[in-house]
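All remarks here apply to the structure that follows.
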Amino acid sequence: MSEFLNQFKQLTATGYLFWVLAILALLSAVWVVTARNPIHSVLALIATFFCLSGHYILLNAQFLAAVNIIVYAGAIMVLFLFTIMFLNLRREDEESKTNLTKMAAVVVGGLLMVMLITIFRAKSAQVPTFNPVSFDSRTGLVENLGSILYSDYILPFELASVLFLVAMVGAVMLGKREAGDRHF
Amino acid sequence: MQTDLLCALIPLFPLIGFIINGFGFRRIPKSLAGAIATVAVLASFLTSCFLFGAFLGNANLTSTAGPLKAVLFDWISVGDLDISFSFQIDQLSLLMLLVVTGVGSLIHLYSIGYMKHDEGFGKFMAFLNLFVFFMLLLVMGSNYVIMFIGWEGVGLCSYLLIGFWNTNTNYNNAARKAFVMNRIGDLGFLLGIFWIINLFGTTEYTDVFKQATSLAIGDPEILAITLLLFVGAMGKSAQIPLYTWLPDAMAGPTPVSALIHAATMVTAGIYMVVRSNVLYTLSPLTLEIIGGIAIATALLAASIGLLQNDIKKVLAYSTVSQLGYMFLGLSVTAYTAGMFHVITHAFFKALLFLGAGSVIHAMSDEQDIRNMGGLRKSLPVTFITFLIGTIAISGLPPFAGFFSKDEILAHVFEHNKVLWALGVLGSALTSFYMFRLLFLTFFGEFRGTEEQRHHLHESPATMTAPLVFLAILSAAGGVLNLPGGGWLSDFMAPLFEGSRQVNPEAFAESTIDHSTEYILMAVSAGVALISGIIAYVMYVSRGAVPAPETTERSMPEQVVYNKYYVDEFYEAIIVRPIRGLGDALYSFGEFIIDGVVNGVAWLVRAGSNQLRLLQNGSIGFYVFAMVLSIVAIIALRFFVRF
Amino acid sequence: MFPIVLLSVFGILLLFLGFLKSRAILLPAALLFLLVSLAVNFIDWNKTYLYFNGMLLSDNLSMVFTAIVLGSAFMVVALSGSFMEDESAQPAEYYGILLFSLVGALMMIGFENLIMLFVGVEILSVAMYVLTGSDKRNLRSNEAALKYFLMGAFTTGIMLFGMALLYGATGSFTLGGIRAYAVNPQVGLSLLFYVGLLMLLIGLLFKVSAAPFHFWTPDVYDGAPTLFTAFMSTVVKTAGFAALFRLLSISFSGVYTFWWTILAIITTLTLVAGNITAVYQNSFKRMMAYSSISHAGYLLIGLAALGQQTKQAIVFYSLAYSVATIAAFGVLLLVARQRNAETITSGGSSSESFDAFNGLARQNPLLGFAMAVSMLSLAGIPLTAGFWGKFYMFSTAVERGQIWLLVVAVLMSAVGIYYYFRVIIAMYFREGATAPIRVAPFYRYVLVVATLLTIGLGIAPGLLEGLF
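Protein chains in written order, with my numbering: chain A, 256 to 439; chain B, 31 to 672; chain C, 835 to 1302.
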């Protein structure tokens, strides 16, 4: 315990920030899963994204943080909210799960978490630590990212557009109203 | 080059026949379809004869005639393993070729008459041709892979032909049973082949055997290989415990029973063991096991045969029993004797089945011998040929069965006296049930319906001609290998060079002198004769008829009172115990073995049902199962030491 | 490389062709596009190139896999004539999405960088989610699409996690970089590497429906329109195995001892679950779903026993399997359509059950024969391509000395015969009082080609040797 306290005392400001963000992210993520009201779930998810963006900034990935907030927390979550409100989900629609399945899920999920934590804390799982000499603070900036995306990663970057095209065409195809469908 | 061409032609003819009939069976008229099929097999037979002559001539010119190999094309190469599509022509494959195509053509000819009223005639002929094709692949292939392809192919054709009259569900079940049991055997065979690949790095017979000769006797790997291969033989050649499919397979049309389930396919197991004789000689323990299984099969099937009332069932059990004899011969390294019995058995058993077919044909599809009797007047040709067949299978001199069975028994005597005594007992049983069958069918009064009596007629020439041919062969087939160094043993001797090399003792000159040999012959012939006479007394003199299942005995009224006592006495002393034994063995065979097979099937189905329930359609459960599996995998890899 | 570019362009072109009034041009156009892609595939034959800064590898193996995938797609598209008759269908979109999905499949075949693998998997998966649900009026189709999507998204998460861990441990996304790390460890491999490896494997195993990650397969295959089921069970599977093979044989071959037991256990489970469950099915389509699981099991044998022969075995097996599966689904399509039409008038058994095939061989010998050959091939009966596929696979197991794996596989292939033969029995031995099915000429060519290929490869399996 005292060891933990000592470690806590030695933390820098960034360290404190990291812990706060991590705890917030976890709590809001748990809230996403447990909330009974889907709107609360979505709101909690937005909170989680904000916390994650905070982490990105701590990791010197400013562009990613901004994109994460704009795209996920901004656009996609708003769409989500809109859809949920539109569909007007009620509480009684919720699938009822027995306690047994819930228990089993918690036990198995918990087991996986414990196992992964054990593995990652092991000596042989350590990644090389931060090296101030070779560190380039500009790595996460949009300029660098852009130049890498358009040079080394040009092929997957371009082909990702095929992915979006498929998703778009699919969405249109599935969503298109048919002759016999009722009008909203 | 010329031999290559000839070799390719032999299986090609039936294949062409199959293609023509198989694709055009609705357009080709019946007479033409039958002719095409028969001519195809006949052409193979003639080619085989030519090849045989050429081989003999070659063998005479150069005394050390090795096997001819005809490589048609290179097939596959997986890593270091090369498998070519090639045929091996040597003494063994030539003999099998002649038997398969010779008996095959006769049976094709017979089928023209037998099946002419059948709707699916063209399809039937096509299947028969396909069967011959696969059988030829089986016996001609120069490596185990080609043998396996033929092995599977004949199983497939057997399945198709047993279920040929598919309107009856029982027939379909019989077909399925045959297929399942054969598959069990095939699995053993396949595993054996892979083990051979693992050990020798090749499947080519000549290479495998050459390498094998340098191994020590009793090598454990050879033991495993030979046992696995023998499992395959058990399935195909209907040995305990995989024999129950063969009697059920009688659901197929009679020519099929004659061709596939008597003359050719079921002897594939014996062919395989003889082909791999080097491996088997290397593993005396396997031979011991084969011997035990063989004698048990021979006796079990013979005792069941005593009580069957279906003419084809009797013959089926008799086939199982005779196959037991062949394996018995192989188990004492009397490979030549085993092959000799294969050949003679092909003659007389095909004859008996075709004769039975002729009877069934005349009786309007009646198969119960209790409803026959006195047929010798209306079916003279069938009767005489059937009589010859019966004498041949019973082992009475001078017909073919006597020589071949006697040779096996003589070798067994040398090896183990108890086995010999059991073998003679089996031979007595054989003689009894065969004569019982003969007498009940052809002697006494006609017991069928009026309608059947009117219908009685001798079969057409296409059916009787094969009977006559086969009868001649059954009568004279013994000259192939007369006792005391016949032609066949000289002819086949080069096949067993390898075996002789690895285990000279097993091939040492016979130690029994001629007088002992003659006594042995006399004993087995005498025993067979006595059984035949007992059968005569019971079923002709006393006119006994097996009791029908439902009503009281249909014992004729004129049976005198005291005679009845004799029968009672006889029944108490001999028939009851035998019947008891037979029933017990029957139930052992049919119920326990079927039980195991059905049990496995049930287990699969039950497992299937349980697994199916897992598929409950709920995504929650699916995801749960996935996470659980991930946990299990990680636990297995990081937290469990093994 | 060229097919990827062309297919992306062609997909867009097809979408534009959808604006035309006449739908008749769509099918020939799609077929033409596929043929052109197939042709340009072989431009680099016998040469090995790394395109785009080591993103995409083009060698003979990848070209052979590409050819199998494009060939399968060609046959599936050729069987799609019925789209034209259905008013509510949107063929331009279907074909467009199919072509795009092939881009994903080709990326999975030739990837040299994990990013490429990921984008490829996603393109293929998203396309499949959409196509699964394309029968909008059918509740089962909708349900299947949703299930597939949810499960697929979940797995994508796991796979990404795995890739991230691998990057964390090795500092590289490229196959070569990971290999260098795994083969030549300075201090011993990081545990992150192992966890990443497992996670990545699990993600791909899900895509090829290996047990215990196979639960989605029967529901999805059953619910999807039959044509897309055929596409999924051939193209997706082939691409998945190509990707698995590249990963395991290049990056992870150094740590074979770590993963092979896991893979062997999964193989066994897959074989057992697929074959045993298939026995109980009454619907042919569902049986084919389980059968595709079991074939994933056979293909996995080659990976669990990774060795010299694996490459050849996987190529041969996926080709044999794809051809036979497409023929089977092609016949099913026709039969189900006919029976559906009949059910409306008379009210009979389900159009996709085994009973639907009763007496088929009598009315339509060609359909019966094509189906019988493909069933024999799937069951692995000699003189069909399927037999050699199994033979190659089993001999890889023998080469590695994994006899127990071989025993399980051989036993399970015996179980397989049971359910494949049910179809043959129904077609040849049962009576079915129905009118002959009309088979369009083009349809007939596809079935004939598939049947000839199956038999041809069964008689001369050596034809494929020396190709790569």
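Glycine included, every Cβ here is placed at the ideal spot set by N, Cα and C.
DSSP places Tyr271(A) inside the alpha helix (DSSP H), whose first and last residues are Ala268 to Thr289.
Distance from the CA of Ile179(B) to the CA of Met302(B), rounded to the nearest whole angstrom, comes to 13 angstroms. Under the three-state reduction of DSSP, Ala1139(C) is assigned to coil, being neither helix nor strand. According to DSSP, Glu234(B) shares a beta bridge with Asn173(B). Inter-residue distance for Glu527(B) and Gly1223(C) is about 37 angstroms (C-alpha atoms, whole angstroms). If you compare the alpha carbons of Thr303(A), Asp407(A) and Asp391(A) with that of Met332(A), the shortest gap goes to Thr303(A). At a cut-off of 8 angstroms between beta-carbon atoms, Ile301(A) makes no contact with chain B.
Taking C-beta atoms as the reference points, Ser394(B) and His485(B) count as a pair closer than 8 angstroms. For Phe1163(C), no pairing in a beta bridge is given by DSSP.
Membership of Tyr883(C) in the beta strand (DSSP E) is indicated by the continuous run Tyr883 to Tyr885. In the DSSP assignment, Ala1284(C) is bridged to no other residue.
Residue nearest to Thr882(C) within the set Leu868(C), Leu872(C), Ser1083(C) and Val898(C) is Val898(C) (criterion: CA-CA distance).
If you check the CB distance, Phe432(B) and Ala555(B) come in under 8 angstroms. For Ser554(B), the enclosing alpha helix (DSSP H) has its first and last residue at His544 to Tyr566. When Cβ-Cβ separations below 8 angstroms define contact, Glu946(C) makes no contact with chain A. Within the same chain, and ignoring the five residues on either side of Leu1167(C) in sequence, the residues whose Cβ sits closer than 6 angstroms to its Cβ are Thr1060. Residues of chain C whose Cβ lies closer than 8 angstroms to the Cβ of Tyr652(B) are, in chain order, Lys981, Met985, Phe1049 and Trp1050. The straight-line gap separating the alpha-carbon atoms of Pro534(B) and Leu1032(C) is approximately 58 angstroms. Residues of chain C with a Cβ closer than 8 angstroms to the Cβ of Gln645(B) are, in chain order, Phe1049, Pro1052, Asp1053 and Thr1111. A residue is called buried when at least 16 other Cβ atoms come within 10 angstroms of its Cβ; Tyr144(B) meets this threshold and is buried. Per DSSP, Ile46(B) is not a residue of any beta strand (DSSP E); the alpha helix (DSSP H) it occupies stretches across Gln32 to Gly54. Neighbourhood of Tyr1114(C) in chain B, by CB distance below 7 angstroms: Arg635, Ser638, Asn639 and Arg642, in chain order. Residues of chain C whose Cβ lies closer than 8 angstroms to the Cβ of Trp105(B) are, in chain order, Ala1294, Pro1295 and Gly1296.
For Ile372(A), no chain B residue has a C-beta closer than 7 angstroms to its own C-beta; the minimum C-beta separation is roughly 12 angstroms.
Bridge pairing for Ser959(C): absent [DSSP].
With distances taken between CA atoms, Leu890(C) lies nearest to Leu948(C) out of Leu866(C), Leu948(C) and Leu865(C).
Residues of the stretch 1193-1215 of chain C whose Cβ lies closer than 7 angstroms to any Cβ of chain B, in chain order: Ile1215.
Interface annotation, Gly193(B): in contact with chain C, CB-CB separation under 8 angstroms. Chain B has no Cβ within less than 8 angstroms of the Cβ of Thr338(A). Apart from sequence neighbours up to five positions away, the residues of its chain that approach Ile1036(C) with a beta-carbon distance below 7 angstroms are Ile992 and Phe1047, ordered along the chain. The CB of Gly365(A) never comes closer than 7 angstroms to any CB in chain C; the least such distance is about 17 angstroms. Leu260(A) has its alpha-carbon roughly 10 angstroms from the corresponding atom of Leu266(A). What Leu890(C) touches in chain A, judged by beta-carbon distance under 7 angstroms, is Leu410, going in chain order.
Contact of Ile660(B) with chain A by beta-carbon distance below 8 angstroms involves Leu367. Per DSSP, Leu309(B) is one residue of the alpha helix (DSSP H) stretching across Asn307 to Leu312. In the structure shown, Ala1269(C) adopts coil according to DSSP, grouped into three states.
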